[in-house]
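S.K.: Heads up: the sequence shown begins at 23 in my numbering, then just goes up one per residue.
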Amino acid sequence: MDLYPAIDLYQGKAVRLYKGDYAQMTVYSDDPPSVARDFAAAGARHIHLVDLEGAKSGKPENLDTIRRILEVADLFAEVGGGIRNLETVAQYLSCGVNRVILGTAAVKDPAFLKEALNRYGEQIAVGVDLKDGFVAIKGWTERSQLKAEEFFASMQNLGVRTIICTDISRDGAMKGTNLIASGGVSSLADVKALREMNLSGAIIGKAYYIGAIDLKEAVEAAL
Numbered sequence: 023m024d025l026y027p028a029i030d031l032y033q034g035k036a037v038r039l040y041k042g043d044y045a046q047m048t049v050y051s052d053d054p055p056s057v058a059r060d061f062a063a064a065g066a067r068h069i070h071l072v073d074l075e076g077a078k079s080g081k082p083e084n085l086d087t088i089r090r091i092l093e094v095a096d097l098f099a100e101v102g103g104g105i106r107n108l109e110t111v112a113q114y115l116s117c118g119v120n121r122v123i124l125g126t127a128a129v130k131d132p133a134f135l136k137e138a139l140n141r142y143g144e145q146i147a148v149g150v151d152l153k154d155g156f157v158a159i160k161g162w163t164e165r166s167q168l169k170a171e172e173f174f175a176s177m178q179n180l181g182v183r184t185i186i187c188t189d190i191s192r193d194g195a196m197k198g199t200n201l202i203a204s205g206g207v208s209s210l211a212d213v214k215a216l217r218e219m220n221l222s223g224a225i226i227g228k229a230y231y232i233g234a235i236d237l238k239e240a241v242e243a244a245l
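(1) Need the endpoints of the alpha helix (DSSP H) that G223 sits in, please.
(2) Exposed or buried, which one is T48 when buried takes at least 16 other CB atoms within 10 Å?
(3) Taking three-plus beta-carbon pairs below 8 Å as touching, is the stretch 86–96 in contact with the stretch 41–60?
(4) Just how far apart, CA to CA, sit I278 and Y114?
(5) Check each candidate in V207, G206, A62 and V157 and name the one with the smallest Cα separation from I185.
(6) Is A58 near I29, with beta carbons less than 8 Å apart?
(7) To the nearest angstrom, how far is the alpha carbon of D24 from that of I225?
(8) The alpha helix (DSSP H) with N179 in it runs from where to where?
(9) Count the other CB atoms within 10 Å of the CB of F231; is the residue buried (16 or more) or exposed (fewer)?
(10) Which ranges would you report for the beta strand (DSSP E) in the stretch 95–131 if only whole runs of at least 3 residues count?
(11) May I ask which residues mark the beginning and end of the alpha helix (DSSP H) holding L210?
(12) Report the rounded CA-to-CA distance for I235 versus S208, giving the unit in angstroms.
(13) What is the rounded straight-line gap between the Cα of R141 and the Cα of T110?
(14) On the DSSP letters alone, give me the boundaries of the beta strand (DSSP E) that K153 sits inside.
(15) In whole angstroms, what separates the C-alpha of V72 from that of F98?
(16) Let me know the secondary structure DSSP gives N84 once reduced to three states.
(17) Does D154 pass the burial test, meaning 16 or more other C-beta atoms within 10 Å, or should it be called exposed?
(18) Can you look up K78 in the DSSP assignment and give me helix, strand or coil?
In structure tokens:
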């Protein structure tokens, strides 16, 4: 299983939000490229990047910072946050990003998703929030009637090869599509449990920044 340490970007800084609240933001570093170098030094081979400003504006607000991260750290990089058109997809991929993540809002526009998949194939991932085995909408405040398995199957049929699931449950796992778990990975036991689920990857965020997880140990535990 691959481990994806995460950097959430806001105004060129590495930050974390509390429960998605921009008013409750903690800045962990003014130098995100340095954080990425630390990831690589700990043995990570992948990195998960989120443009928090882009998630609000729908434009790549932290593109320059992401470029600098890719210049100093030789990591497989995936980026999400407000990617709502093919122009933004192209901008990220042209600067060295390996995979872009389209949120559930993009999934509501099948034409956009299909065109992105036709053009870029496996470089397109889809992010989805799950709650009790169902797809959650409106920032987890509402649970839709769409079961996780049905959603995964529909994405796979469209040609999506990677799905990033927040708050993933065992019932959501299926063969054929690469699944990456995000949200609440806070201990080595969590990493090992996700590895046993045969997931493709797991994302580590806050646990790294507050020292709850040693990244080198986590990378080894994921193997």
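Backbone N, C-alpha and C define an ideal beta-carbon position, used for all residues, glycine too.
M.R.: Considering the structure as presented:
(1) Counted from its first residue, the sequence shown places residue 223 at position 201. Looking at the DSSP string, G223 is not in any alpha helix (DSSP H); the run it does join, the beta strand (DSSP E), is G223 to I226.
(2) Sequence index remark: in the sequence shown, residue 48 carries index 26 (1-based). Classification of T48: exposed, given that the 10 Å Cβ count is below 16.
(3) yes
(4) No statement about residue 278 is possible, as the shown extent of the chain runs from 23 to 245 and does not include it.
(5) As a position in the sequence shown, residue 185 is number 163, starting the count at 1. Residue V157 is the option with its Cα nearest to I185.
(6) Along the sequence shown, read from residue 1 onward, the residue named residue 58 stands at position 36. Along the sequence shown, read from residue 1 onward, the residue named residue 29 stands at position 7. It is a contact, given that the beta carbons lie within the stated cut-off.
(7) Mapped onto the sequence shown, residue 24 falls at position 2. Mapped onto the sequence shown, residue 225 falls at position 203. So the alpha carbons of these two residues sit roughly 9 Å apart.
(8) One-based indexing of the sequence shown puts residue 179 at position 157. Counting along the chain, the alpha helix (DSSP H) containing N179 begins and ends at A170 to L180.
(9) Here the question's residue 231 lines up with position 209 in the sequence shown. Just to set this straight, residue 231 is Tyr in the shown sequence, not Phe. It is buried - the Cβ of Y231 has at least 16 other Cβ atoms within 10 Å.
(10) If you keep only unbroken beta strand (DSSP E) runs of at least 3 residues inside the stretch 95–131, you get 98–102 and 121–124.
(11) Residue mapping note: residue 210 aligns to position 188 of the sequence shown, counting from 1. Element bounds for L210: L210 to E218.
(12) Mapped onto the sequence shown, residue 235 falls at position 213. Mapped onto the sequence shown, residue 208 falls at position 186. Answer to the nearest angstrom: the Cα atoms are 7 Å apart.
(13) Taking the first residue of the sequence shown as 1, we reach residue 141 at position 119. Taking the first residue of the sequence shown as 1, we reach residue 110 at position 88. Cα-Cα distance, rounded: 13 Å.
(14) If you number the sequence shown from 1, residue 153 lands on position 131. Here the beta strand (DSSP E) through K153 covers I146 to K153.
(15) Numbered from its first residue, the sequence shown carries residue 72 at position 50. Numbered from its first residue, the sequence shown carries residue 98 at position 76. In a straight line, the C-alpha of V72 is about 14 Å away from that of F98.
(16) Residue numbering aside, residue 84 sits at position 62 when the sequence shown is read from its first letter. Three-state DSSP puts N84 in coil, outside helix and strand.
(17) On the sequence shown, position 132 is the one that residue 154 refers to. D154 should be labelled exposed.
(18) Translated into the one-based positions of the sequence shown, residue 78 becomes position 56. Reduced to three states, the DSSP call for K78 is helix.
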